[in-house]
Amino acid sequence: MTDVLVIGGGMAGAIAALCAKSTGAEVILARRALGATALSSGAIDVATDPSAPAGALKSQLVPPELAAREVARTRPNHPYAVLVDKLDRLKESLSFAAQNLPELLTPPLDRNALLPTPLGTVKPTGMAQSSHLGGDLVSLPESVGVVQLSINPAYDARMIASGLEAAAALLGRRLTAQVVESRYFREVEDALRGPYELAERLDRPGAVEELASDLKRRLTDSVGALLFPPILGRRGTSLATQLSGLLGRPCAEILSSPPSVPGLRLQEALDAALIRAGVPIVESEVALLAPDSRSFAIQGGSIEATAVVLATGKFIGGGVIRHERFKEPIFDLPLFAGGTRAEDQYIGDLLADTFQGEHQVFRVGVRIDSSLHPLDLRGQPMDPQLFAAGSVISGYDPAADKTGLGVAIFTGYLAGEAASRVSLAGSRRR
Amino acid sequence: MQKLKGDLYLAYRALFAQPLRKLFSTDERSGKQRFLDNYAPEGLVPISAADRQLLYQASRCIHCGLCEAFDGALPVLPRTTYDGASLLAICYSRATPDLPRARAALERLSEDQLVRSEAVCPTRVPLRSLLGYLRRQLDEVVRQQRRPADRVPRS
Amino acid sequence: MNDAALFDLIIIGGGVNGTGIARDAAMRGLKTLMLEKKDVASGASGANSGMIHGGIRYLRYDRKVTELSCIDSGYIRRIVPHLLFRIPFIAPLTAQDVAHPSFRERFLAYGTEVYFGAYDLYQPYKGGRPSVHLSADEVYDLEPGLRRNLIGAMTMDEWGIDPWRLCALNAISAQRHGATVLTYTQVLGFLRGPQGEVEGVRVRDQRSQKHAEFRAKIVINVAGAWAPKVAALAGVSVRIRPGKGVHLTLDRRLSNYGIIATAVDGRQIFVMPHEQTSTIGTTDTDFYGDPDDLRVTQDEVAYLMQGIESAFPAIREARVLRAWAGIRTTLYEYGKLSDALSREHAIYDHEREGAKNFLTLIGGKLASYRIQSEELTDLVCGRLGVSASCRTHLEPLPGGEGFPNTADLARDYRLPESTVGRMAYRHGANAVKICELADARPELRAPLCRCEQASYAEAVYCLREENVRRLSDLRRRCRLGMGPCQGTRCAGPAAALFAKERGLSSTEAHRELLDFIGGRYRGKRPVLDGEQVAEEELSRGSYLTVGNLDGTYASD
């Protein structure tokens, strides 16, 4: 028996659990495996201005909360729209996350930063891991070095440097970016190593010092800041600060595509925060023992919860399954894409003709009301003690809307708070 | 006219050529054996129903790479031999004729090196069972390759 | 481009006919130019089942065709052995009530046995194995996924091939013998002489937008589905009956054996292993649309899946990667069922229509490309008074000289043997050149496409040696992005590599990347289901959430 059961251990679930715990509830978090949070880039997308045309970088330098309101205005099914009356608490939720992950995350930014990506583009984001922030295109010095591991071609500094210069021109500022070779990694096998392995090697004693001294040999004084592949240490919060000290100039990681070291750092920091807060993490699938109940089979036993937060993610996380039809696997909740029922739709109808078109399929999820209750087919809350958080919620496409982890934090925070309130009220009545 | 000639030819084969061929055949092998002799030495071996279920589960891999972060074999095996657990799902288990080329990795991997990788996989690919299948199938392919030459028909 | 050059032969079209003729003509000493408006094998030659087969279906009414097909399959096996892989087929013999098969069912079963037995006579030409009759129990042992409605099965085998590499290698061989190959070069019009004779072509390079003119003694049109359009530019008419064929690709070999099934309309379809995937095919419908805008419909996918399910019920558990379509250029005959049309080829001489020195080759099949090319090259040589005879069946295609020892190469060059294995499949004897590249530049050992085991070294080799002009071309050379993840992991790094090798800016690289991703998406869209949806979510995470391509470039 527990006050609050959170199902799903990514950003939404972890924040929900931390919030519920902080308001006095007994919380258990169950997760089946890792998901999209562990694959995230290092950025926390809050919102970008949906009306800004592509390439209009200056227009993206807006306060994330303002952009979120624009999203709410232009996308009526987006969680920001459904929760528009609570949007004034968006920043509060982001601050809560940052406080729980103090060395990893910066506090929420006053305006979107433009962070460099592995593709040689920049990306507006409202919050990031501290190791990435130094790469903000707005505040980079005029001469930047991009580190290329000479033995490992996976991150291409030439592309990143070229893209950074192009983006700087779009932004209307001067910047030259040059490739700086690192020969720290020299073994034949290093060519084959992936980011996790390389990052682990940098955690070894003396490694970061050697990396720095090797770079110094090729660094000219004019290079004002250095951008690194996102492999600066597997554990903790990255070696960026240490490198900055050793090299006498700001050092930052670029964002990461999957497989992502920053993504795992984020996941592991969330797990550490949960443990610090006294929330047990149970690595197990859960299954409803009886419909309309809050009793679950879990890890060979069973558990009963007064309130439940469903934060199981979308397709990657397994919160929404598609096998000829869509299904939410734990409660069999009705699923919606935009405003319409999704279950039996032919997938071609939910996909645009081209890759960059508008795809309804990635907006499929559980419909919620402004109290984060999943709704049934009549639009009524399924259960006043059931809440949903994160990408299992319908109406937003984390990739297209650029609001992914921001929605996870915001809805997780509100859902955790509401779940706690409802469970404590229930226990007071008992 | 051509159609008639064609059909007549087939009738001839049906009434005479095929029955005579069977009558004078000295081949005592069963159909299954002849089929396997034809194809198994090239790695074209059958798969059991249970193993095929494993393959459907292996197909769940989305190549996210999380398994690589918890792969117990990566730090231990020669890096030019083994490139990570996801290859079991996304590469090695896709075609048995290629299995002998994965032998160096498959022989050295052990299931307990894959425990953590399997636990973190978002789509729950059964990496350990998959390794077991790959080993068994590799053994079968190798066994078929080494069969006595006289049983393999010349061609 | 040298505008003043006079060629003996200009070939319009870079499919299997175009590249095959280019090779044959160049080998016989003809000064040859081959023009292709996209990449080689972009039409039907790149959208077919990928088989070099002996034409078993012609056994009934034209055994000579079967014999010639089997002989020529044997030749192809000789010249490019590394590219061929054996596909055993199981033809189930079914009954409504397996305990009491009807007379018709037993007649059909025996008929199949007789038919396959007749085909056995020709199999030795191409190294095929004798057909085998299996009892029902034996079939279920060998293929437990089959529906339990069998009274037995007949088996035989054909060869599978990577058709893209076949075309690419023919083109390279042509170049080695002095031919000029220009991809992404579209014919806009013809140069005409005083009596209307065709003297050459006007072209535009699609990438540079530069125009040029080339002159030749003979021009041939092997543009497949576009042949009528090309002919119209010369003011002549070529009629084809375009047949659309749709295939599906599964993420892996479900079985090492192909299974023949009957679709709802009685047509024979199949699911078969192909390299490291399975292919389901195919449809055959008359097509009236634009060959540059081929889409696969929901109905076509449903038709194929339903048909396969009738023989192999669990097919719906498989992961379908993509659906693709091509246009067969069958000869025009009004009133015949599409499937019954002759797959044979025809050569038209347009002199009668006032366009002297202009010929069109229409029709044929992939497996007969070499013999079709020989026939046309014979004709051209006859016109030009060149007496050299065809040697395309004797000389190996590049890499076909021998198959390397993959274990030795892997050990000597410190590469994973699985990487060397796929490299050797694609490049044969030339695999060692790729290994040497990796030796000279150690970072090239890194895997670029892990699904298809294509290393950076292989990609660089293809970029440098194999007529690659766009990033998407690489998928036809080394299967980049053609595995289960469809480029999720490798497309970005591949674009960066392409940019580095070609000196492109990041903007140009992104254009190539978006073109590549767009191509992958078009294939996925009709069949997205199961974990492929999760894969797409991950892919979008990589390119849009992180890479912000849509925030950087407007879609056009």
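Sequence lines, in order, name chains L, C and R. Position 430, counted from 1, in the first sequence is what my numbering calls 424; the numbers after and before it change by one each time, with no gaps. Count along the second sequence starting at 1, add 36, and that's the number in my numbering. Count along the third sequence starting at 1, add 13, and that's the number in my numbering. Yeah, the Cβ is synthetic: ideal placement off N, Cα and C, and Gly gets one too.
| query | result |
| --- | --- |
| Test: T117/C CB closer than 8 Å to a CB of chain R | yes |
| Three-state secondary structure assigned by DSSP to Y361/R | strand |
| Inter-residue spacing [alpha-carbon to alpha-carbon] between D208/L and A32/L | 31 Å |
| Test: T132/C CB closer than 8 Å to a CB of chain R | yes |
| Span separating the alpha-carbon of L12/L from that of R144/C | 42 Å |
| Near-chain L residues of the segment 374 to 395 of chain R - C-beta to any C-beta below 7 Å | none |
| Chain-ordered chain R contacts of G157/L [CB-CB under 7 Å] | S519 |
| Start-to-end residues for the alpha helix (DSSP H) that takes in R70/C | 67 to 75 |
| 9 Å Cβ cut-off: residues of chain C touching S148/R | S66, G67, K68 |
| Contact under 8 Å by Cβ, V416/L with K308/L | no |
| C-alpha gap between T235/L and T32/R, whole angstroms | 58 Å |
| Residues of the segment 152 to 176 of chain C with Cβ closer than 8 Å to any Cβ of chain R, in chain order | P158, T159 |
| Alpha-carbon spacing of C448/R relative to V173/L, whole angstroms | 27 Å |
| Beta-bridge pairing of C448/R - partner residues as DSSP gives them | Bridge partners of C448/R: none, in fact. |
| Helix, strand or coil at I375/R [DSSP, three-state] | strand |
| Per-residue DSSP class, three states only, for E456/R | helix |
| Proximity test, Cβ basis, 8 Å: P253/L and chain C | yes |
| Cutoff 8 Å: A57/R Cβ touching any chain C Cβ | no |
| Three-state secondary structure assigned by DSSP to Q181/C | helix |
| Cβ of L263/R within 8 Å of any chain L Cβ | no |
| Neighbour flag for A512/R against chain L, beta carbons, 8 Å | yes |
| Under 8 Å between C-beta atoms of I321/R and I293/R | yes |
| Length of the line joining the Cα atoms of S555/R and A171/L | 23 Å |
| Contact under 8 Å by Cβ, M495/R with E521/R | no |
| The segment 102 to 113 of chain C: positions lying closer than 8 Å to chain L by Cβ | L102, E104, A105, L110, P111 |
| Cutoff 7 Å; reference S431/R; Cβ partners in own chain excluding five residues on either side | Q466 |
| Buried versus exposed, by CB contacts within 10 Å (16 or more), P111/C | exposed |
| D39/L and S53/L closer than 8 Å at C-beta | no |
| T132/C versus L169/L: straight-line alpha-carbon distance, rounded | 53 Å |
| Backbone CA spacing between D79/L and R270/L [nearest angstrom] | 32 Å |
| Rounded Cβ spacing between L80/C and P101/R (contact assumed at less than 8 Å) | 6 Å |
| Where V81/C meets chain R, residues with beta-carbon distance less than 7 Å | N269 |
| Option in V355/L, Q379/L, V358/L, L127/L with minimal Cα separation from S365/L | Q379/L |
| Residues sharing a beta bridge with D571/R, DSSP | For chain R, the structure presents residues 14 to 569; residue 571/R sits outside this window and is missing. |
| Own chain residues within Cβ distance below 7 Å of P392/L, not counting five before or after | S385, G398 |
| Strand pairing of N234/R, partner residues [DSSP] | I25/R, T373/R |
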